[in-house]
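Visitor: Below is the structure I would like to discuss, written out as C-alpha cells.
Chains as they are written, first to last, in the numbering used here: chain C, 18 to 130; chain R, -4 to 105.
And the structure:
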C-alpha cells in the first residue's frame, strides 16, 4: 500500500513568513509523529498525535510551532514567522498503536532565507 | 541534543570489507531500532532489538543489543555499494517517540 507522504518536498521561505507542512500517514495508523532533522544530525522529536489528540508536544522548539490533526488522519505542522534556525528537514512518521516501528515519509526540506 | 552517541561519525570502506558501527547511551531503553537513511529520503527501519544480549541477523547485517540495554552495534559483512547511507540508532521512549543518535555516514566504494 501507499507509504507516508509529505508535501511540499521543498519549501523556501523568507524570514518572517508562515509555512504549513502536510503529512499523509499510512491508512489505519493512529500514531503520528513529527521530527526535525538539522543538517548532519539525527532526527529530533517534535510532537506526537494519537488519532486527533496531541498527547506530547514537548519537542516543539517555540510557540511559533503548531501542529494539528483535526480528523485523526492528515496532519499539518505550521511554523509562524520563520527564522533561519528553522531551516531543516521536517519528517513525519506513523505507526500502529502500541508498536514501536515507525514508517517515515520523505520529509520536507525547509530553507529560510 | 543527542542522548545516543554513535561512532564513528563517518566510515569509508572498499566493497567487500567488513564494518562495525556503535551506538551508546547512558539511558536504558525498552527497545532500540536501527534505521538507514539515504539522501532526500526518510529513515527506513532495519531492525528492532528488545531483549538485552539479543543478536539479530538480516542477511549480511548483524545487530547486537547490549546486556544492559544501553548500547548496540551493527556489523556489516562484505559491504556492497548499496549499503551506502546514514545509519541511525534510535531508542524508544514514552508514547513510542524515538530519540535518535547523530548517525554514522557509511560510504562503500566499488
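Using N, Cα and C, we set each Cβ at its ideal position, and we do this for glycine too.
1) Check the Cβ of residue 59 of chain C against every Cβ in chain R and list those closer than 7 Å, keeping chain order.
2) Can you list the residues of chain R that residue 73 of chain C reaches, using a CB-CB cut of under 9 Å?
3) Indicate whether at least one CB of chain C lies closer than 7 Å to the CB of residue 21 of chain R.
4) CB-CB under 8 Å to residue 43 of chain C, same chain, minus the five flanking residues each way: which ones, in chain order?
5) Can you list the beta strand (DSSP E) stretches of 3 or more residues lying completely in the segment 31 to 83 of chain R, in chain order?
6) Can you give the Cα-Cα distance for residue 65 of chain R and residue 84 of chain R, rounded to whole angstroms?
7) Would you kindly check if the distance between the Cβ of residue 93 of chain C and the Cβ of residue 107 of chain C is under 7 Å?
8) Taking one C-beta from the segment 12 to 21 of chain R and one from the segment 36 to 54 of chain C each time, how about it: are there three or more such pairs within less than 8 Å?
9) Pull up the distance between the alpha-carbon of residue 29 of chain C and that of residue 96 of chain R, whole angstroms please.
10) Name the one or two DSSP bridge partners that residue 96 of chain R has.
11) Determine the direct distance from the alpha carbon of residue 103 of chain R to that of residue 78 of chain R, and round the result to whole angstroms.
12) Please report whether the beta-carbon of residue 25 of chain C lies at a distance below 7 Å from any beta-carbon of chain R.
13) If you count every other CB in all the chains shown that lies within 10 Å of the CB of residue 105 of chain C, and 16 or more means buried, which is it?
14) Going straight from the alpha carbon of residue 24 of chain R to that of residue 53 of chain R, what length do you get?
15) Taking 7 Å as the CB-CB cut-off, is residue 108 of chain C touching chain R?
16) Within this structure, are the beta carbons of residue 68 of chain R and residue 59 of chain R separated by less than 7 Å?
17) Does residue 53 of chain R come within less than 7 Å of chain C when only Cβ atoms are used?
18) Would you kindly report the start and end of the unbroken beta strand (DSSP E) that includes residue 106 of chain C?
19) What residue range is occupied by the uninterrupted beta strand (DSSP E) comprising residue 82 of chain C?
20) Can you grab the Cα-Cα spacing for the pair residue 170 of chain C / residue 66 of chain C, in whole Å?
Guide: From the atom records:
1) Against the first chain, residue 59 of chain C aligns to sequence position 42. Those within 7 Å of residue 59 of chain C in chain R are -3, 83, 95, 96, 97 and 98.
2) By 1-based counting over the first chain, the position of residue 73 of chain C is 56. Within chain R, the residues near residue 73 of chain C are 89, 90 and 92.
3) Within the second chain, numbered from 1, the residue matching residue 21 of chain R stands at position 26. With 7 Å as the cut-off, residue 21 of chain R does not count as an interface residue toward chain C.
4) Taking the first residue of the first chain as 1, we reach residue 43 of chain C at position 26. Shown here for residue 43 of chain C: same chain residues with a beta carbon closer than 8 Å to its own, the five before and five after excluded, namely 18, 19, 20, 21, 111 and 120 in chain order.
5) 39 to 44, 50 to 53, 56 to 60 and 66 to 71
6) As a first step, residue 65 of chain R is located in the second chain; it is residue number 70 there, counting from the start. As a first step, residue 84 of chain R is located in the second chain; it is residue number 89 there, counting from the start. Answer to the nearest angstrom: the Cα atoms are 11 Å apart.
7) The sequence position of residue 107 of chain C within the first chain is 90, counting from 1. The sequence position of residue 93 of chain C within the first chain is 76, counting from 1. Not in contact: residue 107 of chain C and residue 93 of chain C (Cβ atoms no closer than 7 Å).
8) no
9) For the purposes of this step, residue 29 of chain C is taken as residue 12 along the first chain, with counting starting at 1. For the purposes of this step, residue 96 of chain R is taken as residue 101 along the second chain, with counting starting at 1. Straight-line Cα distance between these residues: approximately 27 Å.
10) Here residue 96 of chain R is taken as the residue at index 101 of the second chain, counted from 1. Per the DSSP secondary-structure output, residue 96 of chain R pairs in a beta bridge with R:-1.
11) One-based indexing of the second chain puts residue 78 of chain R at position 83. One-based indexing of the second chain puts residue 103 of chain R at position 108. Between residue 78 of chain R and residue 103 of chain R, the C-alpha separation is close to 7 Å.
12) For this step, residue 25 of chain C is matched to residue 8 along the first chain. Residue 25 of chain C does not count as touching chain R.
13) Locating residue 105 of chain C in the first chain gives position 88, counting from the first residue. Buried.
14) Position 29 of the second chain, counting from 1, holds the residue named residue 24 of chain R. Position 58 of the second chain, counting from 1, holds the residue named residue 53 of chain R. Looking at the two C-alpha atoms, the distance is approximately 22 Å.
15) Within the first chain, residue 108 of chain C is the residue found at index 91, counting from 1. By this cut-off, residue 108 of chain C is an interface position.
16) Looking up residue 68 of chain R in the second chain gives position 73. Looking up residue 59 of chain R in the second chain gives position 64. Yes.
17) The residue given as residue 53 of chain R occupies position 58 in the second chain. False, the Cβ-Cβ gap to chain C never drops below 7 Å.
18) Within the first chain, numbered from 1, the residue matching residue 106 of chain C stands at position 89. From DSSP, the beta strand (DSSP E) with residue 106 of chain C extends over 105 to 112.
19) Walking along the first chain from the start, residue 82 of chain C turns up at place 65. It spans 82 to 85 - the beta strand (DSSP E) in which residue 82 of chain C sits, taken as one unbroken run.
20) Lying outside 18 to 130, the shown extent of chain C, residue 170 of chain C is not represented and no answer is given.
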